[in-house]
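Colleague: Residue numbers (my numbering): 53 to 184. Quick one: structure below, then a few questions.
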């Protein structure tokens, strides 16, 4: 496992977490995640040759946890700048921090799967080009 690569790519979660804490990022955040999914998938395709699924799933999981960790640590600013989430979290039976961490964990797993699928698509395109 190339933990240096995984952690360096996953540090993007901190950046997006800070973005979501200090701005109302309900529209822009998904765009950043999508763009970075393509960048990360290309990076994993070129830099990881074995056990790619584990690399990418750990990347997604850590990325989601780091993002949620920033949001949970700065939850008051996060809720003040994101009124939609503040309304939703006020109706939840658990604390906002717990809900943020749980959704970050789920998001990380799903994001890892999406990046893995993109990695496999990029790998398939590379194989098709070399076969021609």
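Quick reminder that beta carbons are idealized off the backbone N, C-alpha and C, glycines included. Fair warning: this is a prediction, and the values are worked out from it, not measured in the lab.
Just to confirm, are residue 108 and residue 90 a CB contact at a threshold of 8 Å?
Modeller: no
Colleague: Would you identify the three-state DSSP class for residue 155, choosing helix, strand or coil?
Modeller: In the structure shown, residue 155 adopts helical secondary structure according to DSSP, grouped into three states.
Colleague: Give the range of the alpha helix (DSSP H) segment to which residue 73 is assigned.
Modeller: 64-74
Colleague: Quick one: grab the DSSP three-state call for residue 145.
Modeller: coil
Colleague: Check residue 83 in the structure and name its three-state DSSP category.
Modeller: helix
Colleague: For the candidate residues 85, 99, 74 and 103, whose alpha-carbon lies nearest to that of residue 135?
Modeller: The shortest Cα separation from residue 135 among 85, 99, 74 and 103 belongs to 74.
Colleague: Taking just the CA atoms, how far does residue 124 sit from residue 70?
Modeller: Going from the Cα of residue 70 to the Cα of residue 124 covers about 11 Å.
Colleague: Let's see if you can read the secondary structure: which residues bound the alpha helix (DSSP H) around residue 129?
Modeller: 127-133
Colleague: Have a look at 105, 112 and 153 and flag the residue whose alpha-carbon is nearest the alpha-carbon of residue 60.
Modeller: 112
Colleague: On the CB-based measure, 16 or more other CB atoms within 10 Å of its CB, does residue 173 come out buried or exposed?
Modeller: exposed
Colleague: Taking its Cβ as the centre, do 16 or more other Cβ atoms sit within 10 Å of residue 72, making it buried, or is it exposed?
Modeller: The residue in question, residue 72, is buried, as its Cβ has 16 or more Cβ neighbours within 10 Å.
Colleague: Quick one: is residue 85 buried, meaning 16 or more other Cβ sit within 10 Å of its Cβ, or exposed?
Modeller: buried
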